[in-house]
Each structure stands twice: as C-alpha cells, then as structure tokens.
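A short write-up of the structure that comes next.
Dropping the structure here:
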C-alpha cells in the first residue's frame, strides 16, 4: 500500500527516486540549512531517503515528501517518525518539516504539519507528538506555537549528533497532546 495524504493544496507522499535532486538542491541552500547544519552531499541525501523509506516500511510513518498539488512541485518534507535516540523525543513520535525556500511564507508548512498532526492523532492514535528545533529558529518554533504545541523547557537538550561547542547543538522541545 502506498502512502498519500492530501490537503487542499498539498500532497504528503512516499519518497521517489526523482526526489533526490530537488531534495539535494534544497539541502544545499544556505537559507534552508541555516539552523540545520552543513549542506548535504549526494551520499547524505541518498542515506536520508533510505532512512525515510525504512521508517515508512518499519513504522508506517516518516518525514514524507511534500509536493504542491497544482503543479506537482517538490516543496520539501513533513511528517511524523520515531524520535531519535539520545534525545527527549526518543520513545515518542516526532513531527518535523523542511521546506525549500520557494515554498516559504505561503502557509504550506502549517497546512502540511496540521495534516500530519491530525493523521497521527486520528489514524495512529498517538497520545503525544513532539518536535525539536534550535532556539534561534524562530520560524520553526513559531510554527510549533501556531499549531498549538506547548514548549517544554525542562526537556531542552544538547543534540548528541552535533559536536560540543557547535552553536546548533542546544535544542528546545515542544509537544502536543491528543
């Protein structure tokens, strides 16, 4: 069974091989990667796509490819997956998103994220969904707040995948209850 979730303007769907090139371009845009770290190589992109396909296969959820229905343009990703080990999201569902710059400021992230929250609470019967970001990423945590997520300052943490002293290492956590 192929996963596809549609909103008024968007489709969240399983990853295709053709997504690798626009995903790579997005992950090499300094505006997109400002709070996410170094640009991704072609190998990094291939590994990320394999991880997402693995999450979909093993858990029935992942950060899905996001496209605009009007013209099938690749916009980025949004979805829910298991939270990463070594973080306060481990053992919980994590919602996340990343949009190409050409998709910013049009309400796509909120539309897609709301659909994912509704799907997670409805179809998957999740009790709680968490999200994380770098404190300086105002666009991201601002969206979390617009989605009705609650900041959990007691769960702030240093991301274990980043080196000590990396300015992107301190992370904040939000959650939404069903």
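In this note's numbering, the protein residues as written are 357 to 534.
The beta-carbon is built from N, C-alpha and C at its ideal position, and this holds for glycine as well.
None of these values were measured; they are calculated from a predicted model.
- Assignment of residue 446 by DSSP, reduced to helix, strand and coil, places it in the coil class.
- For the 7 Å CB-CB criterion, residue 532 and residue 485 form a contact.
- Note on geometry: alpha-carbon atoms of residue 392 and residue 383 lie some 9 Å from one another.
- Excluding the 5 residues flanking it on each side, residue 363 has same chain C-beta neighbours closer than 6 Å at 467 and 471, in chain order.
- According to the DSSP assignment, residue 420 belongs to the beta strand (DSSP E) that extends over 419-424.
- Contact check for residue 456 against residue 435 fails: the beta carbons are separated by 7 Å or more.
- Here the stretch 497-511 does not lie against the stretch 403-418, with fewer than 3 beta-carbon pairs under 8 Å apart.
- Within the DSSP secondary-structure output, residue 490 pairs in a beta bridge with 527.
- Excluding sequence positions up to five before and after residue 512, its CB lies within less than 6 Å of the CB of 528, all in the same chain and listed in chain order.
- With 16 or more neighbouring CB atoms inside 10 Å of its own CB, residue 388 falls in the buried class.
- Counting along the chain, no beta strand (DSSP E) covers residue 407; the unbroken alpha helix (DSSP H) around it starts and ends at 398-415.
- By the criterion of a C-beta distance shorter than 6 Å, residue 530 is surrounded in its chain by 487, 500, 505 and 507, once the five residues flanking it on both sides are discounted.
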